[in-house]
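Asker:
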Amino acid sequence: MFRFITRRTLGAVVTLLIIAACTFFLFFAVPADPARLACGKVCPPELLEQARHNLGLDQPLFVQFLTWVGGIFLGRDYEGLGYCSAPCLGFSFVNKAPVLDTILDRMPLTISLTLGAAVVFLFFGVATGIVAALKQGKALDKIASVSSLIGASLQIYFIGTLALYFLVYKNHILRQPGYVPFTENPLNWAAGLMLPWVVLAIIFTANYTRMTRSTMVEQLTEDYVRTARAKGMANRSVVMRFALRGTLITIVTILGVDLGTLIGGAIITEQTFGLQGIGQLSIRAVWSSDLPMLMATVLVAAGAIVVFNIIVDVLYAVIDPRVRLS
Amino acid sequence: MSNPFLSVRDLTVDFHTEDGLVHAVDGLSFDVEKGTTLGIVGESGSGKSVTNLTVLGLHNPETTKISGEIHLDGQELIGASRSTMEKLRGNKIAMIFQDPLTALSPYHTIGRQIGEVYRKHTGASKSEARARAVEMLTRVGIPQPKTRVDDYPHQFSGGMRQRAMIAMALVCDPDLLIADEPTTALDVTVQAQILDLLKELQDQTGTSIIMITHDLGVVANTAHNVLVMYAGRAVERGTVKEVLNTPRHPYTWGLLGSMPRLSSSVDIPLKPVRGTPPSLLNVPSGCPFHPRCDYMDLAGPELCKGERPELSPHRGHGDACYLTLAQKREIHK
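Chains as they are written, first to last, in the working numbering: chain S, 16 to 341; chain D, 950 to 1282.
1) Under a Cβ-count criterion, where at least 16 other Cβ atoms within 10 Å of its own Cβ denotes burial, should residue 199(S) be classed as buried or exposed?
2) Between residue 1066(D) and chain S, is any beta-carbon pair separated by less than 7 Å?
3) Classify residue 1069(D) as helix, strand or coil using the three-state DSSP reduction.
4) Just list the residues that DSSP pairs residue 1019(D) with in beta bridges.
5) Can you tell which of 228(S), 224(S), 260(S) has its C-alpha closest to the C-alpha of residue 240(S)?
6) Please compile the residues from chain D whose C-beta is within a distance smaller than 9 Å of the C-beta of residue 144(S).
7) Please identify the residue among 1176(D), 1157(D), 1210(D) whose C-alpha is closest to the C-alpha of residue 1264(D).
8) Can you check DSSP and say which residues form a bridge with residue 1258(D)?
9) For the 8 Å Cβ check, are there 3 or more pairs between the segment 108-128 of chain S and the segment 305-313 of chain S?
10) From the beta carbon of residue 1007(D), is the nearest beta carbon of chain S less than 7 Å away?
11) At least one CB of chain S closer than 7 Å to the CB of residue 1028(D): is that the case?
12) Which chain S residues are close to residue 1044(D), counting only those with a beta carbon under 7 Å from its beta carbon?
13) Given that residue 237(S) touches chain D, what residues does it touch there, using C-beta distances under 8 Å?
14) Below 9 Å on C-beta distance, what does residue 1145(D) contact in chain S?
15) In chain D, which residues lie less than 7 Å from residue 248(S) when you measure between Cβ atoms?
16) If residue 1266(D) sits next to residue 1187(D), beta carbons under 8 Å apart, how far is it from one beta carbon to the other, in whole angstroms?
17) Excluding sequence positions up to five away, which residues of its chain have a Cβ less than 8 Å from the Cβ of residue 1165(D)?
18) Counting only Cβ pairs nearer than 9 Å, list the residues of chain S close to residue 1036(D).
19) Closer than 6 Å by C-beta to residue 188(S): which residues in its own chain qualify, once you throw out the five before and the five after it? Chain order, please.
20) By the criterion of Cβ-Cβ separation under 7 Å, what are the contact partners of residue 241(S) in chain D?
21) What are the residues that DSSP puts in a beta bridge with residue 97(S)?
22) When you compare only the Cα positions, how much space is there between residue 1160(D) and residue 153(S)?
23) Residues of chain S with CB under 7 Å from residue 1040(D), in chain order?
24) Note down, in chain order, each residue of its chain lying with its Cβ closer than 6 Å to the Cβ of residue 109(S), except the 5 sequence neighbours on either side.
25) Quick one: Cα of residue 1084(D) to Cα of residue 1114(D), how far?
26) Name the residues in the segment 1181-1203 of chain D whose C-beta lies less than 7 Å from a C-beta of chain S; which are they?
27) If we ignore side chains and look at the alpha-carbon of each, how far apart do residue 79(S) and residue 66(S) end up?
28) Is it the case that the Cβ atoms of residue 1135(D) and residue 1107(D) are separated by a distance below 7 Å?
29) Evaluate contact between the segment 272-287 of chain S and the segment 208-224 of chain S, counting only Cβ atoms and requiring at least three cross-stretch pairs below 8 Å.
30) Against chain S, which members of the segment 957-971 of chain D pass a CB distance test of less than 9 Å?
31) Ignoring anything shorter than 4 residues or poking outside the segment 37-114 of chain S, list the alpha helix (DSSP H) runs there in chain order.
32) For residue 129(S), which residues of its own chain have a beta-carbon under 8 Å away from its beta-carbon, when the five flanking residues on both sides are left out?
33) Exposed or buried, which one is residue 1094(D) when buried takes at least 16 other CB atoms within 10 Å?
34) Less than 7 Å between the beta carbons of residue 1129(D) and residue 1154(D), yes or no?
35) Tell me which residue opens and which closes the alpha helix (DSSP H) that residue 11(S) is part of.
36) Would you tell me roughly how many angstroms separate the C-alpha atoms of residue 1281(D) and residue 1199(D), rounded to the nearest one?
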């Protein structure tokens, strides 16, 4: 297990470096001059040159990339801006602050948003899926499949906006979405994120319902589930301990992908509810050609996917002992 | 013996499917005496497995229609409540399935799977159940049971898995053990070991066994009585000796003729039963075997296609065929 995790972590680092390189070189394929943006509206040629030099943009591309990578491991000195200690992701071209600080500042919001929503959609999705599988072909099953179809077809900006209008602005049932750190006031933390959680969950639940239902239906016909019944196990334990165990593999797989994606930035959700998370950072970085910030947000998104993939693989081994051998 | 341990009377099982009503079992009756083994023989789809899943109450109640009577030790099982059946299953009636690889849960250790049956029915503690699991593994001949008890099924060989399955079935000392083709998925040497083990355990515990199989060799080795099934009905019933030595039904002749024998010359070709088993959606009228039977002209086609033959005589060696006893003796010399 330890060797497996080490191997996968090394692989992850290589993957992330490749992604970083691609992002870096793609950035310079776009005709925008970050130095000009950094310099300001009125920009005499000497100042532009100075800005270009300060940002390191006068170096060859390859050298710039290596300097950037070196900064992550060794730290880096920026002329005119100060020293940035390792792991250094550079200074933002726009607000001149260390990128890492901004990312770390926004991270708690995105993590809160993701995990909170995950708790809701995981619970409702799996529960509905199990009920639908057990009531195959009955009214409850049909209601579940129709409502998941509707849920899956909805868009966040559509129901998000509707919910904001009716639940917040018109009827004041829920609080205006916003972020209060959990450590400061857990109640306000939950209240501020309630609406985004529910809206995200409505969209995501559908997938869990569908996948849980179909895998569960399959599992219920497995021989070992029949054996469990033949042993006199009560229906509840047959379903929860035997059939659900096989269904977990499917659930964990899609959960890994979803969590990875959401940590990388629930861009539309954050935009709809005006939350200042990683997603917002990344679009703003694109708009303002802020290379270091862009690199950082891409790395966070890719890193989240890679990390959750490793976690999912470890969980496979926990769930299914047959995986542990290989 | 006036009251057999298990008695099945006029059991009829129909399934609703998208294609129509499947008559899986039609008017089946049989008895199993205490401490004896009944072999149920027949081709795939003859209703052997369905019959026994019904005894355990493992059929899907939504799609299955059942009538008739099943008495276990005087207790009526058809229409018994779910909790009654749960208390019986694994406790008084246990089942061994065909393929132990798929029939054992891949997610739980062998010890846990054996132990949980014991805990469920005796209320034993975890450590007692574990000790019992080790004891059972020892009884079925698993080497180093104290360490193997924590293994998962995929760490066992095929034969060991079936031994573990038997240990699981016998952990509560059931009165009736239903073995559904317990050796089909195993190789031949292991088959013999498993059958010997079942016989040995039966001698020790006095369990009644229903051995479902399509292999007459298995029946000859293990069973006291035989029931030959065709298209959901019993076509011949008797002791092993009666049925294998003086078979009376053309289908039984067909089954025996399609089996290689050590005593017969290698030049005699094996004769398969011609035709294919009937669809249970549309069972032939009269004797369901008549489209495949070589002796219909002898018995009279109107008779064979008309009324369904009953098992006769009522007790002892009986068969459901319109040929006269003399004709049967003449044909099967």
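Note that beta-carbon positions come from the ideal geometry of N, C-alpha and C, so glycine has one too.
Answerer: Inspection of the coordinates gives the following:
1) Looking up residue 199(S) in the first sequence gives position 184. Counting Cβ neighbours within 10 Å, residue 199(S) comes out exposed, since fewer than 16 surround it.
2) Taking the second sequence and counting its residues from 1, the one referred to as residue 1066(D) is at position 117. For residue 1066(D), the answer is yes, since a Cβ of chain S falls inside 7 Å of its Cβ.
3) Position 120 of the second sequence, counted from the start, is the residue given in the question as residue 1069(D). Looking at residue 1069(D) - three-state DSSP - the assignment turns out to be helix.
4) Walking along the second sequence from the start, residue 1019(D) turns up at place 70. According to DSSP, which records beta bridges pairwise, residue 1019(D) is partnered with 957(D).
5) Position 225 of the first sequence, counted from the first residue, corresponds to residue 240(S). Looking at the Cα atoms, 260(S) is the closest of the given residues.
6) Working through the first sequence from its first residue, we reach residue 144(S) at position 129. Those do not exist, as residue 144(S) stays about 19 Å from chain D at its closest Cβ, beyond 9 Å.
7) Sequence index remark: in the second sequence, residue 1264(D) carries index 315 (1-based). Nearest option by C-alpha distance: 1176(D).
8) If you number the second sequence from 1, residue 1258(D) lands on position 309. Residue 1258(D) pairs with nothing; no bridge assigned.
9) yes
10) Here residue 1007(D) refers to the residue found at position 58 when the second sequence is read from its first residue. Yes, residue 1007(D) lies at the interface with chain S (some Cβ there is under 7 Å from its Cβ).
11) Counted from its first residue, the second sequence places residue 1028(D) at position 79. Chain S contact via Cβ: absent.
12) Counting from one through the second sequence, the residue named residue 1044(D) turns up at place 95. Within 7 Å Cβ-Cβ: 245.
13) Mapped onto the first sequence, residue 237(S) falls at position 222. The contacting residues are 1051.
14) Position 196 of the second sequence, counted from the start, is the residue given in the question as residue 1145(D). What residue 1145(D) touches in chain S: nothing, since even the nearest Cβ is about 23 Å away.
15) Counting from 1 along the first sequence, the entry for residue 248(S) is found at position 233. By Cβ distance, chain D contributes 1069.
16) By one-based count along the second sequence, residue 1266(D) stands at place 317. By one-based count along the second sequence, residue 1187(D) stands at place 238. At roughly 4 Å, the Cβ-Cβ gap stays under 8 Å, so residue 1266(D) and residue 1187(D) are in contact.
17) As a first step, residue 1165(D) is located in the second sequence; it is residue number 216 there, counting from the start. Answer for residue 1165(D): 990, 1193, 1204, 1205, 1208, listed in chain order.
18) Position 87 of the second sequence holds residue 1036(D). 247, listed in chain order.
19) On the first sequence, position 173 is the one that residue 188(S) refers to. Around residue 188(S): 182.
20) Here residue 241(S) refers to the residue found at position 226 when the first sequence is read from its first residue. Within 7 Å Cβ-Cβ: 1007.
21) If you number the first sequence from 1, residue 97(S) lands on position 82. Bridge partners of residue 97(S): 93(S).
22) The residue given as residue 1160(D) occupies position 211 in the second sequence. The residue given as residue 153(S) occupies position 138 in the first sequence. C-alpha separation (whole angstroms): 37 Å.
23) Here residue 1040(D) refers to the residue found at position 91 when the second sequence is read from its first residue. Going along chain S in sequence order, the residues near residue 1040(D) (Cβ under 7 Å) are 247.
24) As a position in the first sequence, residue 109(S) is number 94, starting the count at 1. Only 303, 305 meet the Cβ criterion.
25) Here residue 1084(D) refers to the residue found at position 135 when the second sequence is read from its first residue. Here residue 1114(D) refers to the residue found at position 165 when the second sequence is read from its first residue. Taking the straight line joining both Cα atoms gives about 14 Å.
26) none
27) Reading the first sequence from its first residue, position 64 is the one you call residue 79(S). Reading the first sequence from its first residue, position 51 is the one you call residue 66(S). Answer to the nearest angstrom: the Cα atoms are 15 Å apart.
28) Sequence index remark: in the second sequence, residue 1135(D) carries index 186 (1-based). Sequence index remark: in the second sequence, residue 1107(D) carries index 158 (1-based). Yes, the Cβ-Cβ distance between residue 1135(D) and residue 1107(D) is below 7 Å.
29) yes
30) none
31) 49-54, 60-69, 76-89
32) For this step, residue 129(S) is matched to residue 114 along the first sequence. So the list reads 274, 277, 278, 281, once near-sequence residues are dropped.
33) As a first step, residue 1094(D) is located in the second sequence; it is residue number 145 there, counting from the start. So residue 1094(D) ends up on the buried side.
34) Here residue 1129(D) is taken as the residue at index 180 of the second sequence, counted from 1. Here residue 1154(D) is taken as the residue at index 205 of the second sequence, counted from 1. No.
35) In the structure displayed, chain S extends from 16 to 341; residue 11(S) sits before or after that span and is not available.
36) Here the question's residue 1281(D) lines up with position 332 in the second sequence. Here the question's residue 1199(D) lines up with position 250 in the second sequence. If I take the Cα positions, the gap works out to 9 Å.
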